[in-house]
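This report refers to the structure that appears directly beneath it.
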Ligand SMILES: NC(=O)c1ccc[n+]([C@@H]2O[C@H](COP(=O)([O-])OP(=O)(O)OC[C@H]3O[C@@H](n4cnc5c(N)ncnc54)[C@H](OP(=O)(O)O)[C@@H]3O)[C@@H](O)[C@H]2O)c1
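In the working numbering, the protein residues as written are 2 to 283.
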């Protein structure tokens, strides 16, 4: 099998590249291929002729998207359209990474794959519009929504908390946004399993269970054996440019249809902390 990871230099792309053994693999970062360039996308896909493409490239700065909406749509929606069109021309299958931020967060039960999109931020809108366009171009593509990614090898919430905890006696963390933190290594394995199973349609994949950012920070501090105080605050107290859903837990039903179960988030956090301590071993 021939596979291509677009966004191979990112937080999720790195473990995808590591875990994707047994396939003839091409990985691209933004320097190798800018997905805004339709011709370059088409040429590379024609040349490599992969069976599967995982599109993990995106402009992921959720607050940055609010002030740079033109760039956000150009990369996250139009770039995805360029990749899907090239897949259609070459016959490659596509798995596109989307986000829990396509939902408005007003539900208080896990979001199902067919729940109504109602994004509240520019980033969420770019992903929701990309999903709709991709389903028109390639009705058999797989749209994988995930949430709250973290991993070794890039900026992420646990890393920020641990760095801040090293210099501050107390941290204020929002306690009114609930979701499922997801370890990129676990997600990479699930993505590759879905490709192997020829997955299509919308699939939700996050680590099991859910928590608030405050709960997550407390567990990070505790698991790392630190004593830093973590104080709960509201989103209003920590105002950010982009609104976040208050509740964005994703139902695992669509994933269970493929016989796949993801580990609980606490278990995943323990393995992340281990990998962070000994990155060379992984
Ligand atoms: N992070 C989260 O919490 C989260 C949650 C839900 C869904 N997601 C989605 O999951 C996917 C992976 O996220 P991530 O956290 O791994 O992202 P990330 O660490 O920010 O990496 C983004 C990747 O996209 C590439 N990229 C950016 N602009 C590009 C362009 N114009 N053309 C080609 N490549 C470009 C980057 O390349 P360079 O590094 O070489 O510039 C990098 O490889 C994204 O689709 C994201 O929207 C993320």
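Just so it is clear, CB atoms sit at the ideal spot from N, CA and C, and this is done for glycine as well.
Treat the numbers as computed from the prediction; the structure is a model and nothing was measured.
Report the three-state DSSP secondary structure of residue 184 (helix, strand or coil).
strand
Per DSSP, what kind of secondary structure is residue 125 in: helix, strand or coil?
In the structure shown, the three-state DSSP call for residue 125 is helix.
What residue range is occupied by the uninterrupted beta strand (DSSP E) comprising residue 284?
Missing from the structure shown is residue 284; the chain here goes from 2 to 283 and no further.
So the alpha helix (DSSP H) residue 161 belongs to, where does it begin and stop?
158 to 166
Apart from the five residues on each side of it in sequence, which residues of its chain come closer than 6 Å, Cβ to Cβ, to residue 283?
Because the pLDDT of residue 283 is 49, which lies under 50, any placement of that residue in the model is unreliable, and the number read from its coordinates should be weighed accordingly. Here the set comprises 276.
Go through its chain and collect everything with a Cβ distance to residue 273's Cβ below 8 Å, but skip five positions before and after it.
151, 152, 153, 159, 184 and 186
Would you report the Cα separation of residue 258 and residue 106, rounded to the nearest angstrom?
24 Å
Does the distance between the C-beta of residue 53 and the nearest non-hydrogen atom of ligand 1 fall short of 7 Å?
Because no heavy atom of ligand 1 lies under 7 Å away, the Cβ of residue 53 does not count as near it: no.
Have a look at residue 86 and residue 95 and give me their C-alpha separation to the nearest angstrom.
10 Å
Could you spell out where the beta strand (DSSP E) holding residue 146 opens and where it closes?
Secondary structure note for residue 146: its beta strand (DSSP E) is the uninterrupted segment 143 to 147.
Buried or exposed for residue 80, going by 16 or more other Cβ atoms inside 10 Å?
buried
Mapping the DSSP letters down to three states, classify residue 50 as helix, strand or coil.
coil
Does ligand 1 have a heavy atom nearer than 7 Å to the CB of residue 76?
Annotation for residue 76 indicates a beta carbon within 7 Å of some heavy atom of ligand 1.
Against chain B, does residue 224 count as a neighbour if the rule is that its beta carbon must be under 8 Å from one of theirs?
Included in the structure is just one protein chain, with no chain B present.
Between the C-alpha atoms of residue 231 and residue 133, what's the straight-line distance to the nearest angstrom?
40 Å
For residue 152, does the three-state DSSP call read helix, strand or coil?
coil
Can you tell which of 163, 206, 6 and 175 has the C-alpha that lies nearest to the C-alpha of residue 84?
For the residues 163, 206, 6 and 175, the minimum Cα distance to residue 84 belongs to 6.
Could you check if residue 22 is buried or exposed, using at least 16 other CB atoms within 10 Å of its CB as the buried criterion?
Exposed.
Starting from residue 94, follow the beta strand (DSSP E) in both directions and report where the run begins and ends.
Annotation: the continuous beta strand (DSSP E) that includes residue 94 extends over 94 to 100.
Give the C-beta separation of residue 8 and residue 59 to the nearest angstrom, bearing in mind that I take them to be a contact with Cβ-Cβ under 8 Å.
Correct: roughly 7 Å between the Cβ atoms.
Shorter than 7 Å, the distance from the beta carbon of residue 8 to the closest heavy atom of ligand 1, or not?
Yes; taking the cut-off as 7 Å, the Cβ of residue 8 has a heavy atom of ligand 1 nearer than that.
Helix, strand or coil: how does DSSP classify residue 221 here?
DSSP places residue 221 within a helical segment (H, G or I) once states are collapsed to three.
To the nearest angstrom, how far is it from the Cα of residue 201 to the Cα of residue 37?
24 Å
Look at the alpha carbon of residue 235 and the alpha carbon of residue 16, and state the distance between them as a whole number of angstroms.
33 Å
Give the DSSP-derived three-state secondary structure of residue 233 in the structure shown.
strand
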